[in-house]
Amino acid sequence: MRIGHFKETYTADEAVFQSGFVRSALVLLFLGLAGFPFVAGPYWLYLANHAAIAITAAVGLNILTGFAGQISLGHAAFVGIGAYTAAILSSRWGWPILVCLPVSGFTAAVCGLVVGAPSMRMKGLYLCITTLAAQMIFEFLFVRAEPLTNGIRGINVPPAEVFGLVLDTEGKLYFVTIPVMMAAVTAGRNLFRTRVGRAWVAIRDRDISAELMGINLFRYKLLAFAVSSFYAGVAGCLYAHLYKVVTPEHFPLHESVRYLAMIIIGGLGSVLGAIYGAIFMTLVPELLQWILGRFQQAHPAIMQDLFPLQTVVFGALIVAFLVFEPHGLAEMWRRLKDAFRLWPFHRE
Amino acid sequence: MIKRSLRIGWVTAWAAVQAAVAAEPIVITAQMPITGRFAFGGRHLDQGLTDYLTYVNEQGGVNGTPIEYHFEDTGYDLRRAVATFKKQMAKHHPVMNYGESTGQGKALAPEINDRYRVVYGSTSFSRELSDRHHYPYMFVSGPTYDQQFGILLKYIAAHPKANDRPPRVAFFYSDTEFGRDPIPAARAQAEAFGIQVVTEVITPVGAIDTTSQVLELRRHRPDYCIFQGYVVPPIPSVIRGARDFGLDTTFMGTFWTMSNMLLDQLGPDGEGFMGVNPYAYWHDQDVPMIQIIRDFNRRHHPDVDHRPNYYMQGWFTGMVFVKLAELCQAEGLPVTGENLKDMIPRIHEWDTQGFAGTVSFRQSNASPVGRVYVARDGKFMPASDWMYLNE
Numbered sequence: 000m001r002i003g004h005f006k007e008t009y010t011a012d013e014a015v016f017q018s019g020f021v022r023s024a025l026v027l028l029f030l031g032l033a034g035f036p037f038v039a040g041p042y043w044l045y046l047a048n049h050a051a052i053a054i055t056a057a058v059g060l061n062i063l064t065g066f067a068g069q070i071s072l073g074h075a076a077f078v079g080i081g082a083y084t085a086a087i088l089s090s091r092w093g094w095p096i097l098v099c100l101p102v103s104g105f106t107a108a109v110c111g112l113v114v115g116a117p118s119m120r121m122k123g124l125y126l127c128i129t130t131l132a133a134q135m136i137f138e139f140l141f142v143r144a145e146p147l148t149n150g151i152r153g154i155n156v157p158p159a160e161v162f163g164l165v166l167d168t169e170g171k172l173y174f175v176t177i178p179v180m181m182a183a184v185t186a187g188r189n190l191f192r193t194r195v196g197r198a199w200v201a202i203r204d205r206d207i208s209a210e211l212m213g214i215n216l217f218r219y220k221l222l223a224f225a226v227s228s229f230y231a232g233v234a235g236c237l238y239a240h241l242y243k244v245v246t247p248e249h250f251p252l253h254e255s256v257r258y259l260a261m262i263i264i265g266g267l268g269s270v271l272g273a274i275y276g277a278i279f280m281t282l283v284p285e286l287l288q289w290i291l292g293r294f295q296q297a298h299p300a301i302m303q304d305l306f307p308l309q310t311v312v313f314g315a316l317i318v319a320f321l322v323f324e325p326h327g328l329a330e331m332w333r334r335l336k337d338a339f340r341l342w343p344f345h346r347e
Numbered sequence: 000m001i002k003r004s005l006r007i008g009w010v011t012a013w014a015a016v017q018a019a020v021a022a023e024p025i026v027i028t029a030q031m032p033i034t035g036r037f038a039f040g041g042r043h044l045d046q047g048l049t050d051y052l053t054y055v056n057e058q059g060g061v062n063g064t065p066i067e068y069h070f071e072d073t074g075y076d077l078r079r080a081v082a083t084f085k086k087q088m089a090k091h092h093p094v095m096n097y098g099e100s101t102g103q104g105k106a107l108a109p110e111i112n113d114r115y116r117v118v119y120g121s122t123s124f125s126r127e128l129s130d131r132h133h134y135p136y137m138f139v140s141g142p143t144y145d146q147q148f149g150i151l152l153k154y155i156a157a158h159p160k161a162n163d164r165p166p167r168v169a170f171f172y173s174d175t176e177f178g179r180d181p182i183p184a185a186r187a188q189a190e191a192f193g194i195q196v197v198t199e200v201i202t203p204v205g206a207i208d209t210t211s212q213v214l215e216l217r218r219h220r221p222d223y224c225i226f227q228g229y230v231v232p233p234i235p236s237v238i239r240g241a242r243d244f245g246l247d248t249t250f251m252g253t254f255w256t257m258s259n260m261l262l263d264q265l266g267p268d269g270e271g272f273m274g275v276n277p278y279a280y281w282h283d284q285d286v287p288m289i290q291i292i293r294d295f296n297r298r299h300h301p302d303v304d305h306r307p308n309y310y311m312q313g314w315f316t317g318m319v320f321v322k323l324a325e326l327c328q329a330e331g332l333p334v335t336g337e338n339l340k341d342m343i344p345r346i347h348e349w350d351t352q353g354f355a356g357t358v359s360f361r362q363s364n365a366s367p368v369g370r371v372y373v374a375r376d377g378k379f380m381p382a383s384d385w386m387y388l389n390e
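Protein sequence lines, in the order shown, are assigned to chains S and X.
According to numbering that gives the first Met the number 0, the first sequence holds residues 0 to 347 in order.
According to numbering that gives the first Met the number 0, the second sequence holds residues 0 to 390 in order.
Here it is as structure tokens:
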């Protein structure tokens, strides 16, 4: 039985992946992700792209809410800003996706700086309401800034291009969304090993203490908004190229609530939690649909009455997770790993 | 419920047996908004489409070729709708598909044109999806919202309330794609018909308090006010508010408004409400296709005593699907998405047995025909014959 890791250097102690087993598992995961497009059909590839975009956006929100402690109800609007930026750049001037990605991120980050400004004077629920206002304002702009956004009709986005290669299928786009997601996750994970990340955690845990330690609260809060919005903008760029159309109705308030649900279900303040939460929110409805699909073949007539049950079951699952594990899926995973690692001596 | 299951199960089995002994079935898939905020209509749309395709199978299929129909719920969620579409494409390889929204059609259009090549009908009445140049595989099951407005404006022009001035009309719409879609075209059509648009009132989605909007109507005193982008609220509160202010404005609506849901909520205030509907109603007399629908429901759904116009949309879309397949067969062409797409403009002067007038998709992938109805004793009764634009 393995009971711990013996480290002889500080470098080993600071390593992200601390054991050979974890590194091997990661290599297998990367190989699996690389091989996935060659075995999966369009439906699964679409879901994989969709999950990767959700993960990118959720990691961004987790940086702001989970790590820096600033609640935001405007995350979908920042995804929208990224999506509109990419849509405008690629549809009007034919900019390639690899250029659109950082530009979308920076545009959203600048907007994030503006929205984050009230955090100097407000926190908690009051700040939450200002982000809600930002969501409303950006939704309004998506509809009314017609010369830019084409109003309610939205913008049709041409397929992404990378070095002349047209990414017109979900299988081809996968080779952009997955690396971008992996880069976003890696950057997010490493961010909390830096001074900036630790400052955010200090602000979240006790802002007065953090200030006493010399942390400039306003600067770091603004930075958290900017970084979080950058992630959202990048996710928005990928979103625009996956759906090939961007309209104001794609980024409503309930979408922001959905992102918040992702990080709460997955585990606040955990990059892994954001990943689990995004996958849960993306794949569980499909899983429920699949289960009902099995049932549909045997009982086609009563499906109209059964389909609404999906929503109820999905809601019940979320409540059950939060009741039995308030720290989210990441904590459940950690306990499961411990149980295996310490078996048969593990006790709750 | 069990009897109903057995009955439909028998029909499905019957269709399966037919499929085994006859030609390859014509596969149709659907992403239906059975749950979510469109559920009010989604269930009926699906039932209408299911029933029509079952009816055709009972009649021996499309010239002997059975139809296979697969639907899944999407909860009126674009992401799920696109995912379900892709899943069904891979699993069932359909030649025709029914989608849940305008957004889904726009999102899938490039892939449908270049990759999936499947004829696509939907819940949408958006003008954009009737554009044959950009969306050759898509069709609108009736007139677009622009055309529905056109039919109402044509009716208004023919029925002015005063002879010494042009008719005065107000547009009352929600701040959504659904609400705003026909407005630019409607302004131009009003001008062409010599109608004065006295005001445009815009409300947010789900607006409850409409006092300021009613005051706006009182200020301009329109002869007619056309709602767009709503199903029920806030129409009842606007109409009651207008009555309280003594306005004699005639209120009108387009397809999604023209159901019993609205009249039930309005009660006596609904008397005289008008609107355009592209299909005959369940209670319309002397309509052969309605008799077929009633007879079918008597046999398969004996408990049902009414079907709303949403059901009729599903039924009509099924009729278009089958018509396209028949045209393909008549030309001696295999029933593929590519060939079915080419048949859309070939639908011309099509007699729908009184169900949707005489349908033509010659000019665009929409059929600019509808009928104006007026509410009398809690039912929509015809106020005009079938009206055609471009005449």
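Glycine included, every Cβ here is placed at the ideal spot set by N, Cα and C.
Who are the near neighbours of residue i in its chain, counting only those whose CB is closer than 8 angstroms to its CB and skipping five residues on each side?
{"i": "Ile-263/S", "result": "Gly-276, Leu-321 and Gly-327"}
{"i": "Ala-21/X", "result": "With a pLDDT of 49 at Ala-21/X, under the threshold of 50, the modelled position of that residue is not reliable, and no figure is offered here."}
{"i": "Val-81/X", "result": "Gln-103, Ala-106 and Leu-107"}
With a cut-off of 8 angstroms on the beta carbons, I'd call residue i and residue j a contact; round off their distance for me.
{"i": "Val-233/S", "j": "Val-179/S", "result": "6 angstroms"}
{"i": "Ala-169/X", "j": "Val-213/X", "result": "No, Ala-169/X and Val-213/X are not in contact; Cβ-Cβ is about 11 angstroms, not under 8 angstroms."}
{"i": "Asn-61/S", "j": "Ala-209/S", "result": "Actually they are not in contact, since the Cβ atoms of Asn-61/S and Ala-209/S sit about 19 angstroms apart, beyond 8 angstroms."}
{"i": "Arg-218/S", "j": "Phe-66/S", "result": "No, Arg-218/S and Phe-66/S are not in contact; Cβ-Cβ is about 16 angstroms, not under 8 angstroms."}
Using only alpha-carbon positions, find the residue among the options that is nearest to residue i.
{"i": "Tyr-53/X", "options": "Glu-110/X, Thr-34/X, Leu-246/X and Ile-292/X", "result": "Note that residue 53/X is Thr in the sequence shown here, rather than Tyr. Closest option to Thr-53/X, Cα to Cα, is Ile-292/X."}
{"i": "Ile-343/X", "options": "Ala-355/X, Val-321/X, Thr-351/X and Gln-352/X", "result": "Val-321/X"}
{"i": "Gln-362/X", "options": "Tyr-75/X, Glu-348/X and Gly-353/X", "result": "Glu-348/X"}
{"i": "Ser-255/S", "options": "Gly-79/S, Asp-204/S, Ile-214/S and Gly-123/S", "result": "Gly-79/S"}
{"i": "His-300/X", "options": "Arg-36/X, Gln-46/X and Met-31/X", "result": "Gln-46/X"}
{"i": "Thr-110/S", "options": "Arg-143/S, Ala-76/S and Leu-126/S", "result": "One detail in the question is off: residue 110/S reads as Cys in this sequence, not Thr. The shortest C-alpha separation from Cys-110/S is found at Ala-76/S."}
{"i": "Gly-187/S", "options": "Pro-95/S, Leu-271/S, Arg-91/S and Ala-107/S", "result": "Leu-271/S"}
{"i": "Glu-127/X", "options": "Arg-220/X, His-91/X, Val-373/X and Ala-365/X", "result": "Ala-365/X"}
{"i": "Pro-367/X", "options": "Arg-79/X, Asp-376/X and Gly-356/X", "result": "Gly-356/X"}
{"i": "Phe-244/X", "options": "Gly-252/X, Arg-220/X and Gln-352/X", "result": "Arg-220/X"}
Exposed or buried, what is residue i when buried is set at 16 or more other beta-carbons lying within 10 Å of its beta-carbon?
{"i": "Met-273/X", "result": "buried"}
{"i": "Ala-351/S", "result": "The requested residue 351/S does not occur in the structure, where chain S is confined to residues 0 to 347."}
{"i": "Ile-207/S", "result": "exposed"}
{"i": "Gly-93/S", "result": "exposed"}
{"i": "Gln-188/X", "result": "buried"}
{"i": "Trp-43/S", "result": "buried"}
{"i": "Phe-162/S", "result": "exposed"}
{"i": "Pro-203/X", "result": "exposed"}
{"i": "Tyr-465/X", "result": "Outside the displayed span of chain X (0 to 390) sits residue 465/X, for which this structure offers no information."}
{"i": "Ile-154/S", "result": "buried"}
Can you name, in chain order, every residue of its own chain whose Cβ lies under 7 angstroms from the Cβ of residue i, other than the five neighbours on each side?
{"i": "Gly-19/S", "result": "none"}
On the three-state DSSP scale, how would you describe residue i?
{"i": "Lys-153/X", "result": "helix"}
{"i": "Tyr-330/S", "result": "According to the sequence shown, residue 330/S is Glu rather than Tyr. Reduced to three states, the DSSP call for Glu-330/S is helix."}
{"i": "Arg-143/S", "result": "helix"}
{"i": "Arg-23/X", "result": "A small correction: the amino acid at residue 23/X is Glu; Arg does not occupy that position in the sequence shown. If DSSP states are grouped into helix, strand and coil, Glu-23/X belongs with coil."}
{"i": "Asp-384/X", "result": "strand"}
{"i": "Ala-323/S", "result": "Per the sequence shown, the amino acid found at residue 323/S is Phe instead of Ala. Helix, per DSSP."}
{"i": "Asn-155/S", "result": "strand"}
{"i": "Leu-166/S", "result": "strand"}
{"i": "Arg-370/X", "result": "strand"}
{"i": "Thr-122/X", "result": "coil"}
{"i": "Asp-45/X", "result": "helix"}
{"i": "Asn-276/X", "result": "strand"}
{"i": "Met-288/X", "result": "helix"}
{"i": "Trp-349/X", "result": "strand"}
{"i": "Phe-379/X", "result": "strand"}
For residue i, collect the residues of the same chain with a Cβ closer than 6 angstroms to its Cβ; drop the 5 residues on either side in sequence, then sort them by chain order.
{"i": "Cys-236/S", "result": "Gly-81, Ala-85, Cys-99, Leu-100 and Ser-103"}
{"i": "Tyr-309/X", "result": "Gly-40, His-43 and Leu-44"}
{"i": "Arg-345/X", "result": "Leu-326"}
{"i": "Pro-166/X", "result": "Ile-155, Pro-159, Ile-194 and Asp-222"}
{"i": "Asp-283/X", "result": "Ile-289"}
So with CB distances below 8 angstroms, who are the chain B contacts of residue i?
{"i": "Lys-86/X", "result": "Protein chains in the displayed structure are S and X, and chain B is not among them."}
When every heavy atom of the ligand COA is checked, does at least one fall within less than 6 angstroms of the C-beta of residue i?
{"i": "Pro-65/X", "result": "In the structure on display, the ligand COA does not appear, and there are no ligands present to speak of."}
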